[in-house]
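*Asks:* Residues in the sequence shown are numbered from 5 upward in steps of one, following my numbering.
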Amino acid sequence: MSLLPKLAPWLQRAFEQASSALAAGHFGHAVLITGPRFIGKRLLAETLAQRVLCSAPHAAGLACGTCRSCRLFQARAQLDSPELRPEGRLVHPWGRSSHPDLNLIGHGWNEKARPPKMRTEIVIEQIRELSEKLVLTAQLGGAQVVILDPAEAVNWAAWNAVLKTLEEPQPGRYLWLLAADPARLPATIRSRCQRLDVRPPGRDESIHWLCQHGHAAVDAADALDAARGNPGLAAAWLEGDGMVLRRSVRDDAQALERACEAADLVAQRWTVDGRADERLWHLAELARQRMADLTDPATARTLVGRFDTANRARDLLRTTVRPDLVVHEALLAWRGITDRR
Ligand SMILES: [Zn+2]
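#1: Using alpha carbons as the reference points, say which of 280, 171, 157, 34 lies closest to residue 185.
#2: Is residue 169 helix, strand or coil by DSSP?
#3: Residue 315 lies in the alpha helix (DSSP H); which residues open and close that run?
#4: If the criterion is Cβ atoms closer than 9 Å, does the pair residue 160 and residue 190 meet it?
#5: Give a single yes or no on whether residue 70 has its beta carbon closer than 8 Å to a heavy atom of ligand 1.
#6: By DSSP's criteria, residue 106 is part of a beta bridge. Which residues make up the other side?
#7: Just to check, is the beta-carbon of residue 104 closer than 8 Å to a non-hydrogen atom of ligand 1?
#8: Could you tell me whether any non-hydrogen atom of ligand 1 is closer than 8 Å to the CB of residue 23?
#9: Count the other C-beta atoms from every protein chain shown that fall within 10 angstroms of the C-beta of residue 133, then say buried if there are 16 or more, exposed otherwise.
#10: Can you list, in chain order, the residues of its chain whose CB lies under 6 Å from that of residue 142, leaving out five sequence neighbours each side?
#11: Roughly how far, in whole angstroms, is the beta-carbon of residue 179 from the beta-carbon of residue 34, given that I think they are within contact range, below 8 Å?
#12: Quick check: what's the CA-CA separation for residue 26 versus residue 255?
#13: When we look at the beta-carbon of residue 325 and count the other beta-carbons within 10 Å, is it buried (16 or more) or exposed?
#14: Counting along the chain, where does the alpha helix (DSSP H) carrying residue 180 start and finish?
#15: Does the stretch 16-25 touch the stretch 207-223, meaning 3 or more C-beta pairs lie closer than 8 Å?
#16: State the Cα-Cα distance for the pair residue 294 and residue 40, rounded to the nearest angstrom.
#17: Could you check the C-alpha separation between residue 339 and residue 239 for me, to the nearest Å?
#18: Mind checking whether residue 282 and residue 320 have CB atoms under 9 Å apart?
#19: Between the C-alpha atoms of residue 44 and residue 228, what's the straight-line distance to the nearest angstrom?
#20: Examine ligand 1 and report whether any of its heavy atoms sits within less than 8 Å of the Cβ of residue 61.
#21: On the three-state DSSP scale, how would you describe residue 34?
#22: Using the three-state DSSP reduction, which class does residue 326 fall into: helix, strand or coil?
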């Protein structure tokens, strides 16, 4: 009996790799699971957690599906994997773990704010609470698993507390850090973790998988190219409104180039619904794709500038700078310069 959604083939390969390392006793207590957003890191980590916590795993590396631990997973089995949900959220819609020895740490709520707000960072209180729990024996007498996702959201004070946990490894205790952009994690953390990279598969396999999920081949190919070959992201866009958003970004960029739109008005429109980061990602991609078959050096420079400015703006969105000002700055790079392509 499968309790979690079936793994996509590229996740299945990563699972088998991790599972055989576990069986051979080579799977470290701290593992950094990396891969682009929506590739399925979270689903992989939860499937591995079920395997680690299962009291009678099959020889093939799968959880048994019937022990008490596996049954506790069942409560979460009804949920979609957050990684495969449509875009449009800044944060994971975190559910609570239904297993006492599986700890999920993500964006928490700031209860002191009025009204309570979802935090953009993972804070030290969350790590302290976790450490207090981890000193107790596993409630089911087996392993304990912590999934920290997204690890990029952990703030500096909290990293120091995580570091303490890493420096005191305990048998049967696993800490998995999930990151799309591991370069943003402190080097002291990265150096203490084993790494499991989840890479997008080849184009044919991706399109086949998207078609199996009910998408027309032409739409699948279109979304896959837009998602830089990441089938999980392409699926999220096809199932949500990601491709519509992408087209609207392209239309706005073209209107700016033709000087038919004012950058400040577009910036306001791009920031009202909390999806500025997604739009900037599409904007950067638009510049990158135009660069692909370009020979004119002057236009190439303009496009590199647009690509860099959009990516810098995405970084700035994580700071306290006003989002509409950040987006406005990125849009100015598109204003009124005739594309000579
Ligand atoms: Zn089991």
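Using N, Cα and C, we set each Cβ at its ideal position, and we do this for glycine too.
*Replies:* According to the structure data:
#1: As a working mapping, residue 185 is identified with position 181 in the sequence shown. Taking only the C-alpha atoms, the option nearest residue 185 is 157.
#2: Here residue 169 corresponds to residue number 165 of the sequence shown, with the count starting at 1. Here residue 169 sits in helix by DSSP.
#3: Within the sequence shown, the letter at position 311 stands for residue 315. 301-320 is the extent of the alpha helix (DSSP H) around residue 315.
#4: Counted from its first residue, the sequence shown places residue 160 at position 156. Counted from its first residue, the sequence shown places residue 190 at position 186. Result yes, Cβ atoms of residue 160 and residue 190 sit closer than 9 Å.
#5: Taking the sequence shown and counting its residues from 1, one reaches residue 70 at position 66. Checking every heavy atom of ligand 1 against the Cβ of residue 70, one is found closer than 8 Å.
#6: In the sequence shown, residue 106 corresponds to position 102, counting from 1. Beta-bridge pairing links residue 106 to 149.
#7: For this step, residue 104 is matched to residue 100 along the sequence shown. No, ligand 1 has no heavy atom inside 8 Å of this Cβ.
#8: Residue mapping note: residue 23 aligns to position 19 of the sequence shown, counting from 1. No, Cβ of residue 23 sits at least 8 Å from all heavy atoms of ligand 1.
#9: Numbered from 1 along the sequence shown, position 129 holds the residue referred to as residue 133. Residue 133 should be labelled exposed.
#10: Numbered from its first residue, the sequence shown carries residue 142 at position 138. If we look at residue 142 and ignore the five residues flanking it on each side, its Cβ neighbours are 105, 148.
#11: The residue labelled residue 179 in the question sits at position 175 within the sequence shown. The residue labelled residue 34 in the question sits at position 30 within the sequence shown. 5 Å between Cβ atoms; contact.
#12: As a first step, residue 26 is located in the sequence shown; it is residue number 22 there, counting from the start. As a first step, residue 255 is located in the sequence shown; it is residue number 251 there, counting from the start. Whole-angstrom Cα-Cα distance: 50 Å.
#13: Numbered from its first residue, the sequence shown carries residue 325 at position 321. Exposed, by the Cβ-count rule.
#14: As a working mapping, residue 180 is identified with position 176 in the sequence shown. First-last for residue 180: 177-183, but that is the beta strand (DSSP E), not the alpha helix (DSSP H).
#15: no
#16: Here residue 294 corresponds to residue number 290 of the sequence shown, with the count starting at 1. Here residue 40 corresponds to residue number 36 of the sequence shown, with the count starting at 1. So the two alpha carbons sit approximately 22 Å from each other.
#17: Along the sequence shown, read from residue 1 onward, the residue named residue 339 stands at position 335. Along the sequence shown, read from residue 1 onward, the residue named residue 239 stands at position 235. Their Cα atoms are separated by approximately 32 Å.
#18: On the sequence shown, residue 282 is found 278 positions in, with the first residue counted as 1. On the sequence shown, residue 320 is found 316 positions in, with the first residue counted as 1. No. Outside cutoff.
#19: Locating residue 44 in the sequence shown gives position 40, where the first residue counts as 1. Locating residue 228 in the sequence shown gives position 224, where the first residue counts as 1. Whole-angstrom Cα-Cα distance: 15 Å.
#20: Taking the sequence shown and counting its residues from 1, one reaches residue 61 at position 57. Yes, the Cβ of residue 61 comes within 8 Å of a heavy atom of ligand 1.
#21: The residue given as residue 34 occupies position 30 in the sequence shown. If DSSP states are grouped into helix, strand and coil, residue 34 belongs with the strands.
#22: Numbered from 1 along the sequence shown, position 322 holds the residue referred to as residue 326. Coil.
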